[in-house]
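Novice: Sharing a structure with you now.
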Amino acid sequence: MPQGPSRYTGSVSSATNEPNRIERRSILAVDYGRARIGIALADAETRMAQPLMTMERINRNEDMRRLRELVRGHDVKQIVVGLPLRLDGTRGEMAEEAERFAQRVRKQMGVPVELVDERLTSWEAERLLEEVQGRFIRHEKLTGSNKPQNVQAKMTVDAVAAAVILKEYLDRQRQTAEKA
Numbered sequence: 002m003p004q005g006p007s008r009y010t011g012s013v014s015s016a017t018n019e020p021n022r023i024e025r026r027s028i029l030a031v032d033y034g035r036a037r038i039g040i041a042l043a044d045a046e047t048r049m050a051q052p053l054m055t056m057e058r059i060n061r062n063e064d065m066r067r068l069r070e071l072v073r074g075h076d077v078k079q080i081v082v083g084l085p086l087r088l089d090g091t092r093g094e095m096a097e098e099a100e101r102f103a104q105r106v107r108k109q110m111g112v113p114v115e116l117v118d119e120r121l122t123s124w125e126a127e128r129l130l131e132e133v134q135g136r137f138i139r140h141e142k143l144t145g146s147n148k149p150q151n152v153q154a155k156m157t158v159d160a161v162a163a164a165v166i167l168k169e170y171l172d173r174q175r176q177t178a179e180k181a
């Protein structure tokens with residue numbers, strides 16, 4: 002990962018404090034886009050980011066409904082939304098859309114939502130996918146098999162980009178904890 006300014010850009014919510022609430026265990030990351038939403042997940046204990054899926058956008062209400070199902074189904078305690086800043090760090094139209102999306106998620110999901118700088122995550126995701134696909138191509142040549150040996154062969158850039166966003170977030174959390 003390129004070193005540079007912190008990719009963490011701040012919280013857009015506060016945690017809810019409900020009595021007798023079971024502690025949620027997962028952290029979900031979103032790579033927001035106009036056509037697709039990449040989703041990644043990390044278990045709070047292992048803190049390893051894994052691509053989960055890519056959702057084709059339908060409309061605001063349906064997108065929120067499907068996201069709510071994921072939040073409930075995976076026992077999510079935190080959501081991280083990628084903030085697509087320009088390379089110079091300024092906010093453009095997509096960053097504003099992502100911020101509005103994060104606000105809707107916060108209001109509708111009832112869990113804390115953090116925005117994380119996602120500059121270069123799609124590039125990193127494409128690089129990782131090329132590396133993984135290269136391994137499968139080499140495996141196919143060696144074995145004569147044309148079947149994917151791993152689900153990762155089918156993952157899209159959006160889901161992998163969400164995992165990169167989540168990994169950056171988790172790394173920052175670890176660094177902060179180590180300094181404390």
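Under this note's numbering, the first residue of the sequence shown is numbered 2, with each subsequent residue one higher. Glycine included, each C-beta is placed from N, C-alpha and C at the ideal position. Everything numeric in this text was worked out from a predicted model, so none of it was measured.
(1) What separation, rounded to the nearest whole angstrom, lies between the Cα atoms of M49 and D89?
(2) Ordered along the chain, which non-local residues of its own chain (more than five positions away) have a Cβ less than 8 Å from that of E98?
(3) Report the partner residues of M56 according to the DSSP bridge assignment.
(4) With a CB to CB cut of under 8 Å and the five nearest residues on each side skipped, what residues in its chain are close to R58?
(5) Going by C-alpha to C-alpha distance, which of M56, T55, V82 sits closest to P113?
(6) Please report the distance separating the alpha-carbon of R73 from that of R67.
(7) From V117 to Y170, what does the alpha carbon distance come to, in whole angstroms?
Specialist: With the given structure in hand:
(1) Reading the sequence shown from its first residue, position 48 is the one you call residue 49. Reading the sequence shown from its first residue, position 88 is the one you call residue 89. Straight-line Cα distance between these residues: approximately 29 Å.
(2) For the purposes of this step, residue 98 is taken as the residue at position 97 of the sequence shown. Y33, R35, listed in sequence order.
(3) As a working mapping, residue 56 is identified with position 55 in the sequence shown. The partner list for M56 (beta bridge, DSSP) reads I38.
(4) In the sequence shown, counting from the first residue as 1, residue 58 sits at position 57. Closer than 8 Å at the Cβ level, and outside the excluded window around R58, lie G34, R35, A36, R37, I38, D64.
(5) Mapped onto the sequence shown, residue 113 falls at position 112. Closest by alpha carbon: V82.
(6) Against the sequence shown, residue 73 aligns to sequence position 72. Against the sequence shown, residue 67 aligns to sequence position 66. Using only the alpha carbons, I get a separation of about 10 Å.
(7) Counted from its first residue, the sequence shown places residue 117 at position 116. Counted from its first residue, the sequence shown places residue 170 at position 169. The straight-line gap from Cα to Cα measures roughly 7 Å.
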